[in-house]
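K.L.:
18 is the number of the first residue of the sequence shown in this note's numbering; add one for each residue after it.
Ideal Cβ placement from N, Cα and C applies to all residues, glycine included.
I have a structure I would like to understand better, so I am pasting it below and will then ask my questions one at a time.
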Amino acid sequence: MAWAPHVTPEIARLIFWAVSSALLLLLLALWIRGRRHQNLWAERDQLELSAIACLSVGKTIDQKYDEEPQLSRHRLLKDAIRTGKLEYIELGSHKPNVHTLVSRDQLRSYAKSTNNSDLLALVAKWERLNPTREPQPDQPKPPVKSVDADKFGKHTLTQQLPKDAPAKLLMRGWWLDYNPAYPEGKKELEFLADGTFGEGGNSNEFKWQMKDGLLEVHRKSKLLQNRFRYDPRSEKFFCTNDPDAEGYKDQVIYRR
Numbered sequence: 018m019a020w021a022p023h024v025t026p027e028i029a030r031l032i033f034w035a036v037s038s039a040l041l042l043l044l045l046a047l048w049i050r051g052r053r054h055q056n057l058w059a060e061r062d063q064l065e066l067s068a069i070a071c072l073s074v075g076k077t078i079d080q081k082y083d084e085e086p087q088l089s090r091h092r093l094l095k096d097a098i099r100t101g102k103l104e105y106i107e108l109g110s111h112k113p114n115v116h117t118l119v120s121r122d123q124l125r126s127y128a129k130s131t132n133n134s135d136l137l138a139l140v141a142k143w144e145r146l147n148p149t150r151e152p153q154p155d156q157p158k159p160p161v162k163s164v165d166a167d168k169f170g171k172h173t174l175t176q177q178l179p180k181d182a183p184a185k186l187l188m189r190g191w192w193l194d195y196n197p198a199y200p201e202g203k204k205e206l207e208f209l210a211d212g213t214f215g216e217g218g219n220s221n222e223f224k225w226q227m228k229d230g231l232l233e234v235h236r237k238s239k240l241l242q243n244r245f246r247y248d249p250r251s252e253k254f255f256c257t258n259d260p261d262a263e264g265y266k267d268q269v270i271y272r273r
């Protein structure tokens, strides 16, 4: 007589609950993993306008920005930049667009000034997922390098410019590749004789000066944005990637 296993109702119930619990734990792990991937955006300290628009209305960062309700929020943010109510890191073009970068602090200031509950909630979530790191009491912040306001911004002496640069530097036709990671991260940059920028100027590319044979671009806050070395053969300024600069690395200023 062949042996036939006998499963009692108690054993069947135990097997059922064991399998059910395992499936539940698996689904929970997959959900947690998905949530973690959805929140990777919070690891950054600045976001594009399209990402802010989507996240602020409860959408994921990979949703299309040109659909409602994120489309209306995106237009609101662009209007705020045009009117100067919302500051930005990089404009991304000659006008606000999906690639315009805004820092967390800039978004927080705008959200507070307008009392926008959606944006305030987004900033709070951003802070919760990626708290602002403050220096330890025994590790004071290093001194910020800035430029003397009385000396900076005066008329730049063209005889200090690299060879072949003076005449062309003050001519239209220069372009800045400000974010090499993005094909669209380029804009025209017009150097004015008084040490400021015309076309392409913003709070990052605010003033310029020649110092020790290098081109220095400074932010409106007086911090160093980037430093460039001129190559006469290619007629390009290549970023020196100095650690005291706040801007993107590997930037290039070239003629078109």
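Taking all protein chains shown into account, do 16 or more other C-beta atoms lie within 10 angstroms of the C-beta of S67, making it buried, or fewer, making it exposed?
P.N.:
By 1-based counting over the sequence shown, the position of residue 67 is 50. That one is buried.
K.L.:
Among residues of its own chain, excluding the 5 on either side of F208, which ones have a beta-carbon nearer than 7 Å to its beta-carbon?
P.N.:
Position 191 of the sequence shown, counting from 1, holds the residue named residue 208. Closer than 7 Å at Cβ, skipping near neighbours: L186, L187, W191, F214 and W225.
K.L.:
Please state the DSSP three-state secondary structure of H116.
P.N.:
The count along the sequence shown starts at 1 and reaches residue 116 at position 99. It is coil, neither helix nor strand.
K.L.:
According to DSSP, R272 sits in a beta bridge with which residue or residues?
P.N.:
Stepping through the sequence shown from its first residue, residue 272 is reached at position 255. Answer is W191.
K.L.:
Given 8 Å as the limit, is there contact between the segment 254-270 and the segment 231-242, that is, 3 or more CB pairs closer than that?
P.N.:
yes
K.L.:
Would you give the residue range spanned by the beta strand (DSSP E) that W58 belongs to?
P.N.:
Residue 58 sits at position 41 when you count from the first residue of the sequence shown. Careful: W58 lies outside any beta strand (DSSP E) and carries neither H nor E.
K.L.:
Can you tell me whether F223 is helix, strand or coil according to DSSP?
P.N.:
The count along the sequence shown starts at 1 and reaches residue 223 at position 206. If DSSP states are grouped into helix, strand and coil, F223 belongs with coil.
K.L.:
Strictly by DSSP, which residues pair up with C256?
P.N.:
Taking the sequence shown and counting its residues from 1, the one referred to as residue 256 is at position 239. Beta-bridge pairing links C256 to F245.
K.L.:
If you draw a straight line from the alpha carbon of N114 to that of R125, how long is it in whole angstroms?
P.N.:
On the sequence shown, residue 114 is found 97 positions in, with the first residue counted as 1. On the sequence shown, residue 125 is found 108 positions in, with the first residue counted as 1. So the two alpha carbons sit approximately 19 Å from each other.
K.L.:
Quick one: using the 10 Å Cβ neighbour count with 16 as the cut-off for buried, is G217 buried or exposed?
P.N.:
Indexing the sequence shown from 1 puts residue 217 at position 200. Looking at its Cβ environment, which holds 16 or more other Cβ atoms inside 10 Å, G217 is buried.
K.L.:
Identify, in the order they occur along the chain, each residue of the same chain with its Cβ nearer than 7 Å to the Cβ of L146, setting aside the five sequence neighbours on each side.
P.N.:
Along the sequence shown, one-based indexing puts residue 146 at 129. Cβ within range, chain order: N56 and A59.
K.L.:
Determine the burial state of D194: buried for a count of at least 16 other Cβ atoms within 10 Å of its Cβ, exposed for fewer.
P.N.:
On the sequence shown, position 177 is the one that residue 194 refers to. By the neighbour-count rule (16 or more Cβ atoms within 10 Å), D194 is buried.
K.L.:
Would you mind sorting G101 into buried or exposed? The rule is 16 or more other CB atoms within 10 Å of its CB.
P.N.:
Start at 1 with the first residue of the sequence shown, and residue 101 comes out as number 84. With fewer than 16 other Cβ atoms within 10 Å, it is exposed.
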